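Sequence order for the protein chains is C, Z, V and U. The first sequence stops at residue 367 when you use our numbering, and every number in between is there. The second sequence stops at residue 929 when you use our numbering, and every number in between is there. The third sequence stops at residue 235 when you use our numbering, and every number in between is there. The fourth sequence stops at residue 146 when you use our numbering, and every number in between is there. Following: one structure in structure tokens, then a few remarks.
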Amino acid sequence: MNELLRKLLFLPEQLSQHARDVDGLHFFVVLTTMAAAAVIFATALFFMVRYRRRSETETTPEVQPGHWHEAVFVGVPLAVFLLWFAIGFPQYVDLTRPPAGAMDVFVQGKKWMWKFAYPGGPSSLDVLRVPAGRPVRLLITSRDVIHSFFVPELRVKQDALPGRYTQTWFAADKPGRYQVFCAEYCGLSHSGMLAELVVMAPAEFDAWLAEQRRGTALAQDAAPTPGETLLPGSSIGEQGRAVAAQQGCLKCHSVDGSRHIGPTFLDLYQRQEKLSTGELVPVDEGYLTKSMMDPAAQVVAGYQNVMPSFQGKMTPPEVAAVVEYIKSLKTPAVHAGPSEGPVYESTPRK
Amino acid sequence: MSPLPASEAPVYAERNYLNTPATGLRSWLTTLDHKRIGVMFLIATTIAFATGGFFALLIRLELLTPGPTIVDAMTYNRLFTLHGVVMIFLFMIPAIPSGFGNFLLPIMVGAKDVAFPRLNLLSFYLYLLGAVIALWGMIHGGADTGWTFYTPYSTTTPTKVVPILLGAFVLGFSSILTGLNFIVTTHTLRAPGITWNKLPLFVWSIYATSIIQILATPVLGMTLLLVAVEHAFGWGIFDPARGGDPVLFQHFFWFYSHPAVYIMILPAMAVISEVVCAFSRKNIFGYKAVAYSSLGIAFVGFFTWGHHLFTSGQSAYNAGVFGVLTMFVGIFTAIKIFNWVATLYKGSISFKTPFIYFVGFLFFLFFGGMTGVALATVSLDIHWQDTYFVVAHFHFIMVGSTMMGFLAALHYWWPKITGRMYNERWGLVAAVFVILGFIFTFLPQFLLGNEGMPRRYFNYPERYWALNVASTAGASVLAIGFTIVLVYILVALRHGEVAGPNPWGSRGYEWLTASPPPLENFEEVPEFRRGPHEYHDLPGEAAAPAAGAAPGASHV
Amino acid sequence: MSSGAANPALAHHFESLEKQAHAQRLGMWLFLATEILLFTALFAAYGVYRFLYADAFSEASRGLATWMGGVNTFVLVTSSLTVALGLDAAARGDGRRSGGLFFLSIGMGLVFMALKAVEYRHHFASGELPGQYYTAGAIAGSGGALFFTLYFLITGLHAFHVLIGMTVLGVIGVKSWRGAYSPEYHVPVELAGLYWHLVDLIWIFVFPLIYLI
Amino acid sequence: MSASHASTPARHGHAAHSHVARYLRVWLALMVLTALTWGLSRLHIPGGAGVAVALAIASVKGGLVALFFMHLYDQRGANRLVFLTSLVFVALLIGLTLLDNATRFPLANPPDAGTSPRQVRDAILGSQPPATPHPASH
């Protein structure tokens, strides 16, 4: 029955319990609507046939409703509507309350791509990998305009607001590949802002994540695209700044380029740093993360090894947020890169 | 009162508003006569409708195949923006209230004119000014924001969004002035004998519409102005980079734009209430319920705007409040539907073109309304929001129902406005084309939405192809239907049969005067003893055995 | 019912001056309702941002010259009184007195605008400007800039209404002075007054919101 | 029509007692209230109480202006209804937008606004999501 109705209504596959619940309501709504339509239109049709005009001089009696009619006209639809709502609203509230222990994934929309950051630093572009059967919470933000994360198979959609987070969650049933759409109009390539949701077997996912964390495929996807402009205050970085302030990072690292106890954060990202060992390393997400977890391993030349390890003091998403924050600290002049970029890009005002 | 049906040969009123005091273009452009202003609005809005419809056809053609079909993505984005802006601000909102409302409302309350004729003319010129400003923006690049102007997209787009915003702002003032005029007219210019409970239902609905126009439009005006300021100067009010909240824009926008849906649909309901009585020759079932439910829609319609924000990051509290309140606004529409159907009971139903449009209206309003309520169940909306399901839903209401109302009004009052009849046979043919065209265009879009195709997509995955082709095919049927209407209605202007004052045998007050009506509406103001929807005291009533059964039926 | 058939002010589609006055008054009130809702969007934005940036807003508010806002409140309230007295004079047929009182009100409107201009000058000098132009920098975060965005939007729109109000008072005042109105017909005087009172009414809310809290 | 013992022109005309005394009393009250709210603001009443007091005084002042300067006190029902209705919608727009900002997921508000770093951390990291309403409350 479920399958029949689903196919009849062109609904996509149901990838989660939530999707099945929502479809249940959907079928109920469609069936009650059709029943009501049958009653109303059959009545109307009957009246139209029975009371069609037979002569031009025909007259009609006055018919007035009793209170009984009005009560039915108000009561019956109201009862049906409220019943629908009573089913639908808890389903929605459920969607706003991720279960305890859900895995967090940071989702960032920007024209016109999706970036997904996992606990522990790794991130990927336009591919969201999640384990089957485990709840996943998405913390969604945007870098420029409003986007909307939408997976039809999950019956889940949540807008990505620039400069702040919204959340939603799901637990996908079974491995497979599904399309992620952007559902909020965002400009020229709105319809091209697609990503893939890859649901993996839990063991497979764990292995993949571990490999990512080891840094073998280190965050290639996360590098800024050519011509990308960084909007101040419109990224995970905002949260990172709060975390950095709270953790005391800013007591030693300036953000304005001035030298302090530690190297400045300004333009740190993608800089070539000379280590105390004389070796040159590019500053990327991996280096930043590692420096927070094990600061003594690679100390920049000219600085004392005084920084404590934040291993265990900061959780992976916090680390990710601080990394984002550091990445956002760029002076415009250093912002190199070919100027072509996407044809149509909003320009932040200076 | 003229007997039903008109037995003697119909007369064309020789001295009428069309030729008094003069016929020159100048006398039209400077007229203070509400009927002429109404007619000018009708012409202007029809042109706007043709423009918007042309954009719609281009959109459907583009979507015939995945990927680029006839235009590029940028042009497509401009097309759907202009389609929305033109259809909503230049056609839907003014068409029935400013067009038919202006023509009919003063006649229906037995007045010589609206309360402030000069403001009325100003309203028309503001409409033209707004249209010209928007048109200027369209020619110089157009906007690509969608008619919803969501920030921060709209404040950062390099396209010409500011003139479009200012155009809409000016159009808002036109709308306010019309609403203001109608409310004051209804309050102060009712002829002796027309009490509030003897007002035609058309007037009740237009009155309710005017309340919304007065109270909601200023908020939209301010909001559009803020977006324009933001776009031009970067004052940061909705700009997240400067601490602003883009969701606040959505609150403001929908505070107007949800009630605006009722600005579009209430006038259609106004027309339908008149048409259903006239063509079933029957008193309306539950006058007070139908009349007051218009006010209910106007009032409760303001409490529901947040149902557009279920996926926007709005709080769950708000979602609950707005969801429940939306259920209540659905009730008022349900009351109307039930009462219209019940009006047919024991009627004498004549299947003329306006009545066919009534049937279409009932169909579209029912399914458009029910899908609207379904969208307010929140969890279903999460799936449907910003997909073609929503597109289909609001086209059922705004295009399906409102257009049915507009066409019903056009046919029903055509003889009153022009004094001549349209060709009934062609009318029926066109009605069938239009109604089937609508169904074929938008039914596939419901399914597309279920399947998950987001709206405003220039390109789409191939699995959505078949349904898109079906929708485009439907749109061409629709276009044929509209073309037929346009042709025979223009032919009728010159060659139509003379209609006479009351060709339908209607009891509406506007049919008590000549067709076309004279300059000050009535040569001699009638006494208005009977209600505008009362048909029971026809000649020969006593002989009809059904009359005895009526009171019994009413107290089941 | 006073038969106004002879009165040239009676439009052809009204049966009496009384009814016409009622219509005009109702129309004016509807117009005032749209004005109120026009400001409501700004007040709602103010409410939201004040809630979100409570500290920055009170800090920014403390930086304003409260005495100027206060004096302006006294000035505007008093101008409302003179307008009301002007209506009273018109109702008694004293057109000269009515016009004179309206001119007095315009004078107070000018005082209001002058004080406002002094304030604006000060804000410009110290970089307390809206959005991207905000350079005062005394307040952390975006709250300060947003406060001044709303400050300029609300007071600017209000000042614009004061200007319109002064114009209306001027036109009606001159006509009144010339004896265009009578005890039977002086609705324009009343409507001009209504508009001015609304401008006052809005300021009564602007003052505490911007200057006091 | 029944409410038409209003400020009709005719009534204004032969009203022996003009409104002057009333206007002066209202004006005096407005001046006193302005001084009062100004004075109270200098006390810096903490929290929302100061806001509430200031708005309450403003509402009283606004009420006086509307009732007496604008003559709602002695006018027809329709005008009063228009004014009251507009106030309902003022409350509606301000109330429901504020309710949203006050109850939404804290991170969905601007980052440097009401959300303290602690709230940010709790919301991102706390296993318990922020309070959301019970479906039962509706």
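Idealized CB from N, CA, C, for every residue including glycine. No experiment lies behind these values; they were computed from the predicted model shown.
Item, Value
"Three-state secondary structure assigned by DSSP to Z:Trp401", "helix"
"8 angstroms contact criterion, which C:Asp129 and C:Gly209 should meet: CB distance rounded", "Before going further, note that residue 129 of chain C is Trp rather than Asp in the sequence given. With 8 angstroms as the limit, C:Trp129 and C:Gly209 qualify as a contact, their Cβ atoms being about 6 angstroms apart."
"Beta-carbon proximity list for V:Thr171, same chain, < 6 angstroms, skipping 5 on both sides", "Pro152, Gly153"
"Proximity winner among V:Leu103, V:Pro30, V:Ala87, relative to V:Phe10 (alpha-carbon distances)", "Since the first and last residues shown for chain V are 23 and 235, residue 10 of chain V lies out of range."
"Nearest candidate by alpha-carbon position, reference Z:Pro531, set Z:Gly519, Z:Tyr830, Z:Leu544, Z:Gly514", "Z:Gly514"
"Under 8 angstroms (Cβ pairs) to chain Z, residues found in the region 77 to 107 of chain U", "Ala86, Thr93, Ser94, Phe97, Leu100, Leu101, Leu104, Thr105, Leu107"
"Strand pairing of Z:Val673, partner residues [DSSP]", "For Z:Val673, which the question treats as bridged, DSSP gives no partner whatsoever."
"The beta strand (DSSP E) enclosing C:Phe166, as first and last residue numbers", "164 to 168"
"Chain C contact for U:Ala110 (CB, 8 angstroms cutoff)", "no"
"Best match in Z:Ala605, Z:Phe422, Z:Gln687, Z:Ser666 for proximity to Z:Thr775 [C-alpha to C-alpha]", "Z:Phe422"
"Interface residues of chain Z facing V:Leu32 [CB-CB closer than 7 angstroms]", "What V:Leu32 touches in chain Z: nothing, since even the nearest Cβ is about 13 angstroms away."
"When C:Gly274, C:Gly279, C:Asp273, C:Ile253 are compared against C:Gly265, the one with the closest alpha-carbon", "C:Gly279"
"For C:Cys203, three-class secondary structure by DSSP", "coil"
"Close Cβ partners of Z:Val850 (< 7 angstroms) along its chain, the five nearest in sequence each way excluded", "Phe806, Leu809, Gly810, Phe813"
"Three CB pairs or more closer than 8 angstroms across the region 138 to 145 of chain V and the region 588 to 599 of chain Z", "no"
"Any chain Z beta carbon closer than 8 angstroms to U:Ala64", "no"
"Within 9 angstroms of chain Z by C-beta, residues of the region 53 to 64 of chain V in sequence order", "Phe53, Ala55, Thr56, Glu57, Ile58, Leu59, Leu60, Phe61, Thr62, Ala63, Leu64"
"Ordered list of beta strand (DSSP E) runs contained in the region 452 to 532 of chain Z, each at least 3 residues", "none"
"Cutoff 8 angstroms: Z:Pro619 Cβ touching any chain C Cβ", "yes"
"Cβ neighbour criterion (16 or more within 10 Å) applied to C:Cys269", "exposed"
"Distance CB(Z:Thr716)-CB(Z:Ser653) smaller than 8 angstroms", "yes"
"Short CB-CB distance (under 8 angstroms) between V:Tyr173 and chain Z", "no"
"Minimum length 4: unbroken alpha helix (DSSP H) runs contained in the region 709 to 734 of chain Z", "none"
"Residue(s) in a DSSP beta bridge with C:Ser159", "C:Gly126, C:Pro179"
"Candidates V:Gly163, V:Leu137, V:Leu231, of which the one nearest Z:Ala614 by Cα", "V:Gly163"
"Alpha-carbon to alpha-carbon, V:Asn94 and C:Met120", "58 angstroms"
"Within-8 angstroms CB hit, V:Leu48 to chain U", "yes"
"Contained alpha helix (DSSP H) runs [length at least 4] in the region 74 to 126 of chain U, N- to C-terminal order", "85 to 111"
"Through-space distance from Z:Thr442 to Z:Arg433, alpha-carbon basis", "10 angstroms"
"Where the alpha helix (DSSP H) containing C:Glu290 begins and where it ends", "Unbroken run through C:Glu290 is the beta strand (DSSP E), 289 to 291; no alpha helix (DSSP H)."
"Bounding residues of the alpha helix (DSSP H) (the contiguous stretch that carries Z:Glu797)", "797 to 824"
"Beta-ladder partner(s) of C:Gln315, from DSSP", "Partner(s): none; C:Gln315 has no beta bridge."
"C-beta neighbour in chain U for C:Gln125, strict 8 angstroms", "no"
"Cβ contact (3+ pairs, closer than 8 angstroms) linking the region 623 to 638 of chain Z and the region 530 to 544 of chain Z", "no"
"8 angstroms Cβ cutoff met for U:Asp82 and Z:Ser688", "no"
"DSSP state of C:Phe327 mapped onto helix, strand, coil", "coil"
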